[in-house]
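Asks:
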Amino acid sequence: MFDDFKEEQSIIYKIIINSFKKNKCSHAYLIETNNYIKSLEMVKSIAKAFLCPFNYTNNLNCNGCNQCKLIDDDNFIELKYIKPDGEWIKKEQLDELQDLFSKKAVIGNKKVYIIDGVEKLNINSANSILKFLEEPEEGIYAFLITDNINKVLNTIVSRCQLLSFKNNIKNVSDDLESKVASKIFNSENKIQDFVTGEFTNNFIVNSLNFVDFYEKNHMDALIFIDSLWNCYFKDRKDIYIGFEIMLLYYNDILNYLLNNPIEIFSDYKKNIQDISLNSNIMNISKKISLIIDLKEKIKYNINTNLLMDKLIIGLEGCDKVE
Ligand SMILES: [Zn+2]
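When the letters of the sequence shown are read in order and numbered with our numbering, they come out as residues 1 to 322.
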């Protein structure tokens with residue numbers, strides 16, 4: 001049920017709930033899994049909330065709705081799931097889908113299709129689905145899932161609203177915690193305290209998540225700052241550590257751009273590569289100076305919410321400069 005993901009994938013949860021409230025759902029969503037293990041399960045739960053005439057997000061509330069019951073039994077004809085047949089998604093699979101979806105819904109007035117592994121559309125099969133994506137008929141919604149957004153054809157990406165799953169299953173290694181600690185602190189005691197700290201893993205994962213999210217979504221980070229940052233970094237001391245970790249991460253992105261070895265976050269090489277695709281030495285250097293400047297202000301009485309706004313707007317400024 002969709003409500004099960006309220007905490008774990010809070011950003012996507014809020015986006016979808018808001019679109020229900022405003023009655024402004026996108027006709028096509030591209031879902032980047034980031035190897036989140038429950039991706040398909042969550043997408044199916046979103047599809048169910050779309051199809052339910054009441055947009056109910058948990059079974060307790062929705063009793064008696066036909067659609068929800070049929071979906072739970074995997075028996076709902078207006079929900080179609082497609083995955084690669086062999087190496088590719090074949091044109092015939094999509095032709096069949098469009099044929100099926102050209103008829104009016106038998107139950108309710110909505111239809112949903114899920115294409116899993118959308119990077120496995122070849123040019124031929126992609127062409128057959130493009131028009132379908134481009135001129136959506138009333139009541140038809142698409143969820144396209146990919147593990148590798150860089151391999152999805154641009155013509156597909158540009159027609160969809162992007163949703164990225166947050167992979168918070170990841171645990172950082174003890175080794176990474178020690179490397180980070182030895183860069184931030186200089187006394188042996190403080191290093192030990194950090195490495196054994198209850199929230200150390202969270203601090204590292206969430207600092208990196210924030211940077212990854214900003215680099216993909218830019219100013220949208222302002223909207224999601226509560227669930228991205230504020231709920232994890234509560235007092236000045238935590239925020240200071242978060243900024244230190246962000247600095248180390250941007251330093252490694254700079255290392256990568258300079259063809260130097262990645263010093264600390266070698267486990268995150270894929271993320272670093274993704275970010276570096278849209279970055280250059282100049283804007284990353286500027287971001288590093290910006291974070292150093294703002295980090296110094298944390299010690300003084302700057303309002304911490306304002307600080308994050310300043311950070312996001314400042315980062316965007318670094319990206320705007322040619
Ligand atoms: Zn229902």
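Quick reminder that beta carbons are idealized off the backbone N, C-alpha and C, glycines included.
In this text, all values refer to a predicted model and were calculated from it rather than measured experimentally.
For the beta strand (DSSP E) that residue 161 lies in, which residues bound it at each end?
Replies: By one-based count along the sequence shown, residue 161 stands at place 161. Start and end: 161 to 164.
Asks: Is it right to say residue 242 is buried, meaning 16 or more other beta carbons lie within 10 angstroms of its own, or is it exposed?
Replies: Here residue 242 refers to the residue found at position 242 of the sequence shown. Counting Cβ neighbours within 10 Å, residue 242 comes out buried, since at least 16 surround it.
Asks: Do residue 76 and ligand 1 come close, with the Cβ less than 8 Å from some heavy atom?
Replies: Residue mapping note: residue 76 aligns to position 76 of the sequence shown, counting from 1. Because no heavy atom of ligand 1 lies under 8 Å away, the Cβ of residue 76 does not count as near it: no.
Asks: Would the beta-carbon of residue 290 fall within 9 Å of that of residue 306?
Replies: Within the sequence shown, residue 290 is the residue found at index 290, counting from 1. Within the sequence shown, residue 306 is the residue found at index 306, counting from 1. Cβ distance not < 9 Å, so residue 290 and residue 306 don't count as in contact.
Asks: Count the other CB atoms, across all protein chains shown, that sit within 10 Å of the CB of residue 196; report buried if there are 16 or more and exposed otherwise.
Replies: Residue mapping note: residue 196 aligns to position 196 of the sequence shown, counting from 1. Its Cβ having fewer than 16 others within 10 Å, residue 196 is exposed.
Asks: Measuring only from the beta carbon, is residue 323 closer than 8 Å to any heavy atom that is part of ligand 1?
Replies: Nothing about residue 323 can be reported from this structure: the residues present for the chain run from 1 to 322 only.
Asks: Taking all protein chains shown into account, decide if residue 106 is buried (16 or more other Cβ within 10 angstroms of its Cβ) or exposed.
Replies: To locate residue 106, count along the sequence shown from 1; it is residue 106. By the neighbour-count rule (16 or more Cβ atoms within 10 Å), residue 106 is not buried but exposed.
Asks: Could you check if residue 62 belongs to the surroundings of ligand 1, using beta carbon to heavy atom distance under 8 Å?
Replies: Against the sequence shown, residue 62 aligns to sequence position 62. Residue 62: yes, Cβ under 8 Å from ligand 1.
Asks: Can you tell me whether DSSP reads residue 258 as helix, strand or coil?
Replies: Here residue 258 is taken as the residue at index 258 of the sequence shown, counted from 1. Note: residue 258 maps to coil in three-state DSSP.
Asks: Thinking C-alpha only, which one of 97, 221, 146 is nearest residue 34?
Replies: Here residue 34 refers to the residue found at position 34 when the sequence shown is read from its first residue. The option with the nearest alpha carbon to residue 34 is 146.
Asks: Helix, strand or coil for residue 181, going by three-state DSSP, please let me know.
Replies: Here residue 181 corresponds to residue number 181 of the sequence shown, with the count starting at 1. Helix, per DSSP.
Asks: By Cβ distance, which residues of its chain are closer than 8 Å to residue 9, with the 5 residues on each side in sequence left out?
Replies: By one-based count along the sequence shown, residue 9 stands at place 9. Counting only Cβ-Cβ distances below 8 Å, and skipping sequence neighbours, we find 36, 42, 165, 166.
Asks: Looking at residue 68: is its Cβ nearer than 9 Å to the Cβ of residue 50?
Replies: Counted from its first residue, the sequence shown places residue 68 at position 68. Counted from its first residue, the sequence shown places residue 50 at position 50. Result no, Cβ atoms of residue 68 and residue 50 do not sit closer than 9 Å.
Asks: If you follow the alpha helix (DSSP H) that residue 320 is part of, which residue opens it and which one closes it?
Replies: Taking the sequence shown and counting its residues from 1, one reaches residue 320 at position 320. Residues 304 to 320.
Asks: Excluding the 5 residues preceding and the 5 following residue 395 in the sequence, name in chain order all residues of the same chain whose CB lies nearer than 6 Å to its CB.
Replies: Outside the shown range of the chain, which is 1 to 322, sits residue 395, and nothing can be said about it.
Asks: Are the CB atoms of residue 114 and residue 47 nearer to each other than 9 Å?
Replies: Here residue 114 refers to the residue found at position 114 when the sequence shown is read from its first residue. Here residue 47 refers to the residue found at position 47 when the sequence shown is read from its first residue. Taking 9 Å as the Cβ cut-off, residue 114 and residue 47 qualify as a contacting pair.
Asks: Could you say if the segment 13 to 21 and the segment 125 to 140 meet the contact criterion of at least three C-beta pairs nearer than 8 Å?
Replies: The answer is no - the segment 125 to 140 does not touch the segment 13 to 21, with fewer than three Cβ pairs under 8 Å.
Asks: Quick check on the DSSP output: the alpha helix (DSSP H) that includes residue 33 runs from which residue to which?
Replies: Mapped onto the sequence shown, residue 33 falls at position 33. Unbroken run through residue 33: none, as it is neither H nor E.
Asks: Can you give the Cα-Cα distance for residue 210 and residue 251, rounded to whole angstroms?
Replies: Position 210 of the sequence shown holds residue 210. Position 251 of the sequence shown holds residue 251. About 15 Å.
Asks: To the nearest angstrom, how far is the alpha carbon of residue 227 from that of residue 275?
Replies: As a working note, residue 227 is residue 227 in the sequence shown. As a working note, residue 275 is residue 275 in the sequence shown. Computed Cα separation, rounded: 21 Å.
Asks: Where DSSP assigns a beta bridge to residue 88, which residues make up the other side?
Replies: Taking the sequence shown and counting its residues from 1, one reaches residue 88 at position 88. Looking at the DSSP assignment, residue 88 forms a beta bridge with 85.
Asks: Report yes if the C-beta of residue 52 is less than 8 Å from at least one heavy atom of ligand 3; otherwise report no.
Replies: Annotation note on ligand 3: not contained in the displayed structure, which lists ligand 1 as its ligands.
Asks: Could you check if residue 266 is buried or exposed, using at least 16 other CB atoms within 10 Å of its CB as the buried criterion?
Replies: Counting from one through the sequence shown, the residue named residue 266 turns up at place 266. Flag for residue 266 reads exposed.
Asks: Label residue 212 either buried or exposed according to how many other C-beta atoms from any shown protein chain fall within 10 Å of its C-beta, with 16 as the threshold for buried.
Replies: As a working mapping, residue 212 is identified with position 212 in the sequence shown. That one is buried.
Asks: Is the beta carbon of residue 65 within less than 8 Å of some heavy atom of ligand 1?
Replies: By 1-based counting over the sequence shown, the position of residue 65 is 65. At least one heavy atom of ligand 1 is nearer than 8 Å to the Cβ of residue 65, so yes.
Asks: Distance check for residue 283 and residue 294, CA to CA, integer angstroms please.
Replies: Locating residue 294 in the sequence shown gives position 294, counting from the first residue. Locating residue 283 in the sequence shown gives position 283, counting from the first residue. Near 16 Å, if we compare the C-alpha coordinates of residue 283 and residue 294.
Asks: Whole angstroms is fine: what's the gap from residue 200's alpha carbon to residue 180's?
Replies: Residue 200 sits at position 200 when you count from the first residue of the sequence shown. Residue 180 sits at position 180 when you count from the first residue of the sequence shown. For residue 200 and residue 180, the distance between alpha carbons rounds to 10 Å.
Asks: Cα separation between residue 110 and residue 230?
Replies: Translated into the one-based positions of the sequence shown, residue 110 becomes position 110. Translated into the one-based positions of the sequence shown, residue 230 becomes position 230. The alpha-carbon atoms of residue 110 and residue 230 are separated by roughly 37 Å.
Asks: Measure the C-alpha to C-alpha separation of residue 187 and residue 233 and round it to an integer number of angstroms.
Replies: For this step, residue 187 is matched to residue 187 along the sequence shown. For this step, residue 233 is matched to residue 233 along the sequence shown. Using only the alpha carbons, I get a separation of about 23 Å.
Asks: To the nearest angstrom, how far is it from the Cα of residue 7 to the Cα of residue 13?
Replies: Counting from one through the sequence shown, the residue named residue 7 turns up at place 7. Counting from one through the sequence shown, the residue named residue 13 turns up at place 13. Taking the straight line from one Cα to the other gives about 8 Å.
Asks: Using 8 Å as the cut-off, classify the Cβ of residue 68 as near or not near the heavy atoms of ligand 1, replying yes or no.
Replies: For the purposes of this step, residue 68 is taken as residue 68 along the sequence shown, with counting starting at 1. Yes - ligand 1 has a heavy atom lying nearer than 8 Å to the Cβ of residue 68.
Asks: So, helix, strand or coil for residue 226, using DSSP?
Replies: Looking up residue 226 in the sequence shown gives position 226. Correct three-state label for residue 226: helix.
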